[in-house]
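In the numbering used here, the protein residues as written are 1 to 311.
Inspection log for the structure reproduced underneath, given as structure tokens.
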């Protein structure tokens, strides 16, 4: 049972809305299309039973198309959110590293990249062989949104050129300014690649250094429970005050339909009552949870008797 509930919570998290919202939207869509199709077929065939059968066939096909599209959209949203969670997790881990730990992490990443065979620690930077060419690897550890100082990059490039390197790689946990990129473009005698944190995360994802599925599941469960997202989503999508008018319109719509289609009177009446109940419940929910300002003492309020005695 708990696993089933966890699956429902994750489904709502991936989709960005509660499970009840798309179910209600699909139900309304089916009922409206069914009524329109039935009315159209009755006018054409004059046979109620045949019209109902044809309408149900159309509803089935349209529902299947909607569900297939929803499934495709859900898979995309799920992959995007799981990827974002994993990348945010790695960003936070990298931010917590010191200079030596970040250097070690970069070395581990480089060893995973195809074409790199060995890494040596030189005096000013790392040295590796990338596709058979000796490559200088500069490292600058910073907070995620901090920029690499251009003098730091210039010093690395000049030192690498002085020692005869024709290929260089500079990796940072921060970002690059336009001036840094201009410096790299000016070194025509050297092939230079600048990697920021986002590039680093891309390579970590490609080389198997990404968090595993169980870790991502735990991170998602923690994010869901930390903000009580389920209640927030229900309140946001279903119990907002503006939904009251929508529920009342739906209730009136199906009440009218129940009068038009006598053979479906009970069905449409029940749906109408359901939306009316939703409108009442939403109104009660917002009335109960609305802010009720209590009496607060103003700076201009006279002091109480006790405070006079103590002064």
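Yeah, the Cβ is synthetic: ideal placement off N, Cα and C, and Gly gets one too.
These numbers come from a predicted model, not from an experiment.
Can you give the Cα-Cα distance for residue 241 and residue 281, rounded to whole angstroms?
Rounded to the nearest whole angstrom, the C-alpha separation of residue 241 and residue 281 is 11 Å.
Beta-carbon spacing of residue 125, residue 137 below 8 Å
It is a contact, given that the beta carbons lie within the stated cut-off.
Alpha-carbon spacing of residue 21 relative to residue 28, whole angstroms:
11 Å
What's the gap between the Cα of residue 55 and the Cα of residue 254?
17 Å
Assign residue 141 to buried or exposed, taking buried as 16 or more other Cβ atoms, counted over all protein chains shown, within 10 Å of its Cβ.
Burial call: buried.
Locate the beta strand (DSSP E) running through residue 160, then write down its first and last residues.
Premise fails: residue 160 lies in the alpha helix (DSSP H), 150 to 162, not in any beta strand (DSSP E).
Note down, in chain order, each residue of its chain lying with its Cβ closer than 6 Å to the Cβ of residue 224, except the 5 sequence neighbours on either side.
9, 13
Whole-Å CB distance - residue 263 paired with residue 48, under 8 Å assumed:
7 Å
Buried or exposed by the 16-neighbour rule on C-beta atoms within 10 Å, applied to residue 287:
Residue 287 comes out exposed.
Buried or exposed, going by whether 16 or more other CB atoms sit within 10 Å of the CB of residue 101?
exposed
Determine the direct distance from the alpha carbon of residue 87 to that of residue 201, and round the result to whole angstroms.
7 Å
CB residue 168 to CB residue 157, shorter than 8 Å?
yes
Beta-carbon within less than 6 Å of residue 261's beta-carbon, same chain only, minus the 5 sequence neighbours each way: which residues are those?
none
For the stretch 164 to 208, which segments carrying the beta strand (DSSP E) assignment without a break, of at least 3 residues, lie completely within its bounds, in sequence order?
167 to 172, 191 to 195
Please look up how many angstroms separate the CB atoms of residue 103 and residue 139, rounded, as I've assumed it's under 8 Å.
5 Å between Cβ atoms; contact.
Check residue 77 in the structure and name its three-state DSSP category.
Residue 77: helix per DSSP, three-state reduction.
Cα separation between residue 44 and residue 58?
16 Å
How far does the alpha helix (DSSP H) with residue 17 in it extend, from its first residue to its last?
Taken as a continuous stretch (DSSP letters only), residue 17 belongs to no alpha helix (DSSP H), as it is neither H nor E.
Go to residue 101, then tell me how far its alpha helix (DSSP H) extends in each direction, as first and last residue.
99 to 112
Residue 246 versus 53, 283, 62, 198, residue with shortest Cα-Cα distance
283
Residue nearest to residue 148 in terms of C-alpha spacing, selected from 219, 170, 129:
Comparing Cα positions, the closest option is 170.
Buried or exposed for residue 196, please, with buried defined as at least 16 other CB atoms from any protein chain shown within 10 angstroms of its CB.
buried
So what's residue 297 in DSSP terms, helix, strand or just coil?
Since pLDDT at residue 297 reaches only 37, below the 50 mark, its modelled position is unreliable, and the value read off the structure follows with that caveat. It is coil, neither helix nor strand.
What span of residues does the beta strand (DSSP E) with residue 140 cover, start to end?
133 to 140
Where does residue 123 fall in DSSP's three states?
coil
For residue 119, which residues in the same chain have their Cβ closer than 8 Å to its Cβ, ignoring the five residues on either side in sequence?
Taken in chain order, the residues that qualify are 107, 110, 111, 126, 127, 128, 137.
On the CB-based measure, 16 or more other CB atoms within 10 Å of its CB, does residue 153 come out buried or exposed?
Buried is the call here.
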